[in-house]
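The numbering of the sequence shown is the numbering used here, which starts it at 35 and goes up by one. The beta carbon of each residue, even a glycine, is placed where N, CA and C say it ideally should be. All of these numbers come straight from a predicted model, not from anything done at the bench. A quick write-up on the structure given underneath.
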Amino acid sequence: MANQIPKTVIVSACLLGINCRYDSGNSLDNSLLEALSPPGEYILIPICPEQLGGLPTPRESCEIHYGSGEDVLSGEARVIGLETGEDFTNNFTRGASETLKIARLFRCRKALLKNNSPSCGAGKIYRNGVLVEGNGVTTALLMKNTVTIETL
């Protein structure tokens, strides 16, 4: 439609081919690009919560210990680096907060995020190298603030 206002959607930057994953790679998803391709229908806002939280690329791989993203936000769980055991909780919560600020600024009601991630995972995250039920830190904060989440 010519006069339709485009939908603004937060998208994990790695899904758009931006090399921002912990291993300096990306998770380009061409089907996502095709689904969002009608000109003028969507405005995509690429984000990487881990970078927004101050972490470099590449960076240490992390997992949520003792809970899920909701538990990290309530202070009951921590985000820990797998190689060093360093606590990256503050970076992950800061990145989630910055992502929420961006979502509010652009009035995003939907986010398309990378599955299984300690930041962006929805429904499944890794714990001790095994996929378990749970949400990532950013997903938990966005859901708490009524942003609809889809993962790829």
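Own chain, CB closer than 6 Å to residue i, minus 5 neighbours either side, in chain order
| i | result |
| --- | --- |
| M35 | Since pLDDT at M35 reaches only 42, below the 50 mark, its modelled position is unreliable, and the value read off the structure follows with that caveat. Nothing meets the Cβ criterion. |
| R192 | No statement about residue 192 is possible, as the shown extent of the chain runs from 35 to 186 and does not include it. |
| L70 | Y76 |
Beta-carbon proximity list for residue i, same chain, < 8 Å, skipping 5 on both sides
| i | result |
| --- | --- |
| T182 | R143, K144 and A145 |
Beta carbon of residue i nearer than 8 Å to that of residue j
| i | j | result |
| --- | --- | --- |
| E97 | I114 | yes |
| D63 | L186 | yes |
| E110 | Y100 | yes |
| F189 | S153 | Given a span of 35 to 186 for the chain in the structure shown, any question on residue 189 remains unanswerable. |
| G103 | N149 | no |
| L67 | L175 | no |
| E94 | E117 | yes |
| I44 | I136 | yes |
| E167 | G155 | no |
Buried or exposed (CB count within 10 angstroms, at least 16 for buried), residue i
| i | result |
| --- | --- |
| T133 | buried |
| N162 | exposed |
| V171 | buried |
| R138 | exposed |
| L49 | buried |
| G59 | exposed |
| L165 | exposed |
Near the ligand FMN: residue i beta-carbon under 7 Å from a heavy atom
| i | result |
| --- | --- |
| L50 | By its list of ligands, the structure shown contains no ligand whatsoever, and the ligand FMN lies outside what it can speak to. |
Own chain residues within Cβ distance below 7 Å of residue i, not counting five before or after
| i | result |
| --- | --- |
| T42 | I77, I79, F140, R141 and C142 |
| A47 | C54, P80, I81 and C82 |
- Query: What are the complete alpha helix (DSSP H) segments, minimum 4 residues, inside the stretch 64-137?
  - Reply: 64-69, 83-86 and 103-107
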